[in-house]
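Those protein sequence lines, which keep their order, are chains A and B. The first sequence begins at 13 in our numbering and counts up one residue at a time. The second sequence begins at 13 in our numbering and counts up one residue at a time. Glycine is no exception: its CB is placed at the ideal position from the N, C-alpha and C atoms. If you're wondering where the values come from, they're calculated on a predicted model, not measured in any experiment. For reference, the structure is listed below as structure tokens.
Number of protein chains: 2
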Amino acid sequence: MPAKENLRPGGRSARVQASVHNAVRALLKNMDRADVTIPLIAAEAGVTPSTIYRRWGELQELLADVAVERLRPDMLPIDTGSARGDLEVWTEQYCEEMSSGIGRDMMRDVLAAQDNANACKCDAFTREQIALIAERAHARGEAFPDIDAVMDGVVAPIIYRILFGDQPSIERVRDLMTGVFAAMPTRQPQPASAPISG
Amino acid sequence: MPAKENLRPGGRSARVQASVHNAVRALLKNMDRADVTIPLIAAEAGVTPSTIYRRWGELQELLADVAVERLRPDMLPIDTGSARGDLEVWTEQYCEEMSSGIGRDMMRDVLAAQDNANACKCDAFTREQIALIAERAHARGEAFPDIDAVMDGVVAPIIYRILFGDQPSIERVRDLMTGVFAAMPTRQPQPASAPISG
DNA sequence: CGCTAAAAGCAAATAATTTGCGTTAATGGA
DNA sequence: TCCATTAACGCAAATTATTTGCTTTTAGCG
């Protein structure tokens with residue numbers, strides 16, 4: 013139902029979409045999300061409300077659309093020199109972003125939508141980032157856990173805790189990471205491996 | 013904001029609440045959740061819409077309220093004779109319930125609400141069920157993982173996958189459970205150690 | 001029993017959503 | 001390049017949902 017993908021990529025349509033997205037971001041910055049309505053967004057974006065209704069159906073789909081764009085990673089995972097360090101830094105940053113008020117709201121928006129395509133996208137973004145870290149690890153000759161193991165062992169617990177009311181602590185996040193590395197099938201890592209200290 | 017707790021427990025108020033909850037359940041059984049509106053619920057429940065608006069504020073809070081009641085466990089975890097068996101059976105049932113269309117919808121309702129009190133309740137329900145299994149294990153003198161280890165290692169991955177688009181398979185769920193038991197610190201189980209207080 | 005106030009009902013006012021139809025402009029083919 | 005086609009938009013009227021002020025009911029309590 014929410015167009016976004018299969019719409020005419022050409023000028024006006026894209027312009028309207030960008031304008032609406034910008035309007036949503038601008039409004040969310042300044043006011044409580046409970047007070048943001050479609051007519052308000054339309055006014056801010058300079059379009060007529062029916063355009064939004066026809067393209068997104070309801071507010072939640074639009075919010076989910078906007079949220080997923082903001083959740084798209086905008087940089088490569090930081091290279092610390094070791095797989096474990098890479099994952100640790102990435103995980104802590106991910107956890108911080110997602111625990112913040114904005115991150116929570118965006119995740120809520122994505123999950124609240126009828127259409128779960130956006131939720132799938134978020135999952136894909138995360139997997140891609142971890143895959144990049146894994147690739148680097150392999151290129152260095154370091155052992156690295158399966159993506160699924162990282163998702164189940166680190167990402168899922170973080171997200172679960174954020175969604176269900178508990179703020180995950182840095183210590184807990186480190187423990188989760190340690191657990192995933194410990195559970196990794198121990199085939200011999202090639203010589204170049206260099207685990208971080210501390 | 014959503015009353016439900018601190019309301020007058022007496023006759024009329026409780027009657028209205030029950031009537032509204034029943035109306036929601038009845039409507040959700042027969043129609044798409046996108047077509048359920050507050051005026052419709054009010055008509056079905058035989059109350060005036062403004063009553064619902066004043067008590068719950070918006071549809072999502074009401075849906076979350078109803079959903080959390082349906083997510084409340086209505087029976088003790090099945091006793092299979094062993095801790096591992098108990099957890100396995102419970103986990104598989106939990107996974108099935110949550111993966112089903114109804115379970116997903118209820119979880120979505122709970123998470124979509126502004127107020128996350130209901131989400132916390134769901135987490136508490138799950139912890140209580142696992143705590144019961146843990147108590148039985150301790151009473152039998154069996155080792156059992158920490159509740160947090162089970163939440164992070166089994167529950168969180170299941171819920172994450174359901175929310176973010178992947179259906180967790182029975183095999184994967186068993187693997188998760190095996191992992192949690194394997195990672196358990198292997199202190200010797202005392203014979204008939206004291207049950208946890210709770 | 002009678003008082004007080006929380007919760008419900010009712011109806012008018014306001015706001016959001018849907019819908020029909022005319023207009024604009026992106027796309028694709030001649 | 002121009003034209004035909006049609007998706008997407010704008011506008012405005014109709015419908016539906018939400019809010020609000022006021023009245024009535026009734027739970028809670030001395």
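Once you ignore the five residues that flank residue i on each side, which residues in its own chain have a CB closer than 6 Å to its CB?
| i | result |
| --- | --- |
| Leu75/B | Asp121 |
| Lys16/A | Confidence is the limiting factor: at Lys16/A the pLDDT is only 48, short of 50, which leaves the residue's position unreliable and the question unanswerable from this model. |
Would you mind reading off the limits of the alpha helix (DSSP H) that contains residue i?
| i | result |
| --- | --- |
| Gln179/B | Taken as a continuous stretch (DSSP letters only), Gln179/B belongs to no alpha helix (DSSP H), as it is neither H nor E. |
| Gln141/A | Ala129 to Arg152 |
| Gly115/A | Gly113 to Ala124 |
| Ala79/A | Leu71 to Leu83 |
| Thr63/A | Pro61 to Trp68 |
| Ser25/A | Gly23 to Asn42 |
| Asp158/B | Segment: none, Asp158/B is in no alpha helix (DSSP H) and carries neither H nor E. |
| Leu52/B | Ile50 to Ala57 |
Should residue i go down as buried or exposed, given a rule of 16 or more other Cβ atoms within 10 Å for buried?
| i | result |
| --- | --- |
| Gln12/A | Because residue 12/A is not part of the residues shown, which for chain A are 13 to 210, the question remains open. |
| Asp164/B | buried |
| Ser209/B | For Ser209/B, the predicted structure reports a pLDDT of 43, less than 50, and the residue's modelled location is therefore unreliable. A value from the coordinates is still provided. So Ser209/B counts as exposed. |
| Arg24/B | exposed |
| Ala26/A | exposed |
| Pro169/B | buried |
| Arg67/A | buried |
| Ala161/A | buried |
| Ala194/B | exposed |
| Pro207/A | Any answer about Pro207/A is weak, because its pLDDT of 45 lies below 50 and its placement is not dependable; what the coordinates show is given next. With fewer than 16 other Cβ atoms within 10 Å, it is exposed. |
| Ala46/B | exposed |
Taking the alpha-carbon of residue i as reference, which of the options has the nearest alpha-carbon?
| i | options | result |
| --- | --- | --- |
| Ile142/A | Asp98/A, Asp127/A and Gln72/A | Asp98/A |
| Phe137/B | Leu40/B, Ile182/B, Arg82/B and Ile174/B | Arg82/B |
| Ser94/A | Gly113/A, Gly165/A, Leu144/A and Ser25/A | Leu144/A |
| Pro85/A | Arg139/A, Ser112/A, Phe193/A and Leu39/A | Arg139/A |
| Ala55/A | Pro197/A, Leu123/A, Val28/A and Asp44/A | Val28/A |
| Cys107/B | Ile182/B, Ile159/B, Ala26/B and Ala195/B | Ile182/B |
| Ala131/B | Gly177/A, Gly191/A and Thr63/A | Gly177/A |
| Gly113/B | Glu147/A, Gln126/A and Ser112/A | Gln126/A |
| Met196/B | Leu123/B, Asn128/B and Arg96/B | Arg96/B |
| His33/A | Leu71/A, Ala129/A and Asp44/A | Leu71/A |
| Pro157/B | Ala129/B, Gly191/B, Tyr65/B and Asp117/B | Gly191/B |
By Cβ distance below 8 Å, which residues in the same chain neighbour residue i in space, the five residues on each side in sequence not counted?
| i | result |
| --- | --- |
| Met119/B | Ala79, Leu83, Met110, Cys134, Ile171, Ile174 and Leu175 |
| Ser31/A | Ala57, Gly58 and Val59 |
| Leu39/B | Val48, Leu52, Ile53 and Glu56 |
For residue i, which residues of its own chain have a beta-carbon under 7 Å away from its beta-carbon, when the five flanking residues on both sides are left out?
| i | result |
| --- | --- |
| Pro89/A | Asp98, Trp102, Gln141, Leu144 and Ile145 |
| Arg37/A | Val78 |
| Pro61/B | Ile50, Pro51 and Ala54 |
Can you find a heavy atom of the ligand ADP that lies under 6 Å from the Cβ of residue i?
| i | result |
| --- | --- |
| Val78/A | Annotation note on the ligand ADP: not contained in the displayed structure, which lists no ligands. |
How do the segment 101–114 of chain A and the segment 171–189 of chain A stand: do at least 3 beta-carbon pairs fall below 8 Å, yes or no?
-> yes
Determine contact between the segment 147–163 of chain A and the segment 146–160 of chain B, defined as no fewer than three beta-carbon pairs at a distance below 8 Å.
-> no
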